[in-house]
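Participant:
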Amino acid sequence: MPELPEMENYRRLLSNKLLGRRIVGVTIHRERSINVPVESFIEQTKGQTIQRIGRRGKQIIFDLENGRVLLLHLMLGGWMYLGTQEDRPDRTFQVILDFGNISLYFIGLRLGYLHLLSQEQLEEVLSHLGPEPDSPLFTSGMFSDKLRKKRGMLKPVLVDQKVFAGIGNCYSDEICFEAHLLPMRKCQELSDDELLELYLATRLVLGQATEMGGYMENPLFLGDHLTGGYDERCKVYDRGGEPCPRCGTLITKDEITSRKTFYCRGCQH
DNA sequence: AGTGAGACCCGAACGC
DNA sequence: TGCGTTCGGGTCTCAC
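Take 360 as the starting number for the first sequence in my numbering and just add one per residue.
Below, the structure written as structure tokens:
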């Protein structure tokens, strides 16, 4: 599901294509995807140009010239396509933003949404999120301090958006694998060395995954060969029963706090 | 505080 | 081909 690397990849690619572009039409096929009446949504978005595209955790923020923002959370299975009626995928679209020669299609928004908010409302929503793993504030000291205070297992803490923003089910497993740590380890029992390994693994995995376009394979636009490039680099996620690329042991598929979890019994401890 | 269960949601994938 | 069924999971809330 879309996590920090996928959303940051989207943010970068969409910034290249949409900054300064004007929304000339808005189509809402699913009213539940938005948070205000359709007429109001259209009135406040149609005619607006995209001033900036930001990201916080797993959410993308489109700044409009009227000071309002569109906050996108894809939740599970949501994705986007930027293109024409001719090259767009054969899927159902919940929302379409029309930019003239191209449109931005929002697909698979079941629990996901595109909310129109004021700056104040945006701040309130984002205030519940922990720090960004790709910010300069994300130091090994801060990382270790936070984890040492947690009594639970590693994986549930990593995917907790209030602890760090942007890590989800896939990358929490990949980070644990990279750090040679089992996801059910208790945070408080991790040594200083293990915490450092985990910190470095978090930066490495999220950084590489972002640069390689994330693991979700649907291209964002025609000729987009970047998005999804990390899929083949995922070492354990969704690879239950396959041999571990590091030691050959078959990858275990398990469940931790009702989340599907993958790890290697051979080289994660 | 951490964990687990239930609700939310519905298109796509699957099975016959 | 076509219809009915199953599945997926991030987030929130509540109970323990």
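Every residue, glycine too, gets a C-beta built ideally from N, C-alpha and C.
#1: Do three or more CB pairs link the segment 490 to 508 to the segment 453 to 464 at distances below 8 Å?
#2: Just to confirm, are S499 and K514 a CB contact at a threshold of 8 Å?
#3: For the beta strand (DSSP E) containing M439, list its first residue and its last residue.
#4: Return the bridge partner residues of G587 from the DSSP annotation.
#5: As an exercise, report each continuous alpha helix (DSSP H) stretch of at least 4 residues that is fully enclosed by the segment 519 to 573, in chain order.
#6: Might you give, ordered along the chain, the residues of its own chain that have their beta carbon closer than 7 Å to the beta carbon of L473, omitting 5 neighbours on each side?
#7: Looking only at DSSP bridge pairs, what is P602 linked to?
#8: In the DSSP assignment, the alpha helix (DSSP H) including Y369 goes from what residue to what residue?
#9: Assuming the contact rule is C-beta atoms closer than 8 Å, T608 and E614 should be a hit. Round their C-beta distance to whole Å, please.
#10: Cβ of L431 within 7 Å of any heavy atom in the ligand SAH?
#11: Does DSSP classify I393 as helix, strand or coil?
#12: With DSSP run on the structure shown, which of helix, strand or coil describes L485?
#13: Please confirm whether Q407 and I382 have their CB atoms less than 8 Å apart.
#14: For E367, count the other beta carbons within 10 Å of its own beta carbon; 16 or more makes it buried, fewer makes it exposed. Which is it?
#15: In the DSSP output, what is V383 paired with across the bridge?
#16: Please state if the CB of L475 and the CB of V397 are separated by a distance shorter than 8 Å.
#17: Taking R389 as the reference, give the member of F400, G442, Y558 with the closest Cα.
#18: Can you give me the start and stop residues for the alpha helix (DSSP H) that R507 sits inside?
#19: Verify whether the separation of the beta carbon atoms of R370 and R414 is less than 8 Å.
Facilitator: So, from the data block:
#1: With a cut-off of 8 Å, the segment 453 to 464 and the segment 490 to 508 do not count as touching, because too few Cβ pairs lie within range.
#2: By 1-based counting over the first sequence, the position of residue 499 is 140. By 1-based counting over the first sequence, the position of residue 514 is 155. No, these two residues do not count as a Cβ contact at 8 Å.
#3: Counting from one through the first sequence, the residue named residue 439 turns up at place 80. For M439, the uninterrupted beta strand (DSSP E) run begins and ends at 438 to 442, by DSSP.
#4: Locating residue 587 in the first sequence gives position 228, where the first residue counts as 1. Beta-bridge pairing links G587 to no other residue.
#5: DSSP assignment within the segment 519 to 573 yields the following whole alpha helix (DSSP H) runs of 4 residues or more, N-terminal first: 528 to 537, 551 to 570.
#6: On the first sequence, position 114 is the one that residue 473 refers to. So the qualifying residues of the chain are S392, I393, L429, L431, V454, F465.
#7: Counted from its first residue, the first sequence places residue 602 at position 243. Bridge partners of P602: L609.
#8: Against the first sequence, residue 369 aligns to sequence position 10. Where Y369 is concerned, the enclosing alpha helix (DSSP H) stretches over 363 to 377.
#9: Locating residue 608 in the first sequence gives position 249, counting from the first residue. Locating residue 614 in the first sequence gives position 255, counting from the first residue. Contact flag wrong, Cβ pair sits at about 19 Å.
#10: Within the structure as shown, the ligand SAH is missing, as the structure has no ligands at all.
#11: For the purposes of this step, residue 393 is taken as the residue at position 34 of the first sequence. I393 carries a coil assignment under DSSP once its states are collapsed to helix, strand and coil.
#12: Position 126 of the first sequence, counting from 1, holds the residue named residue 485. L485 falls in the helix class under three-state DSSP.
#13: As a first step, residue 407 must be located in the first sequence, where it is residue number 48. As a first step, residue 382 must be located in the first sequence, where it is residue number 23. Q407 places its beta carbon less than 8 Å from that of I382.
#14: Taking the first residue of the first sequence as 1, we reach residue 367 at position 8. Within 10 angstroms of the beta-carbon of E367 lie 16 or more other beta-carbons, which makes it buried.
#15: To locate residue 383, count along the first sequence from 1; it is residue 24. For V383, which the question treats as bridged, DSSP gives no partner whatsoever.
#16: Stepping through the first sequence from its first residue, residue 397 is reached at position 38. Stepping through the first sequence from its first residue, residue 475 is reached at position 116. No, these two residues do not count as a Cβ contact at 8 Å.
#17: By one-based count along the first sequence, residue 389 stands at place 30. Of all alpha-carbon atoms in F400, G442, Y558, the one lying nearest the alpha-carbon of R389 is that of F400.
#18: Along the first sequence, read from residue 1 onward, the residue named residue 507 stands at position 148. R507 -> alpha helix (DSSP H) spans 499 to 507.
#19: Taking the first residue of the first sequence as 1, we reach residue 370 at position 11. Taking the first residue of the first sequence as 1, we reach residue 414 at position 55. In this structure, R370 lies near R414, with their beta-carbon atoms less than 8 Å apart.
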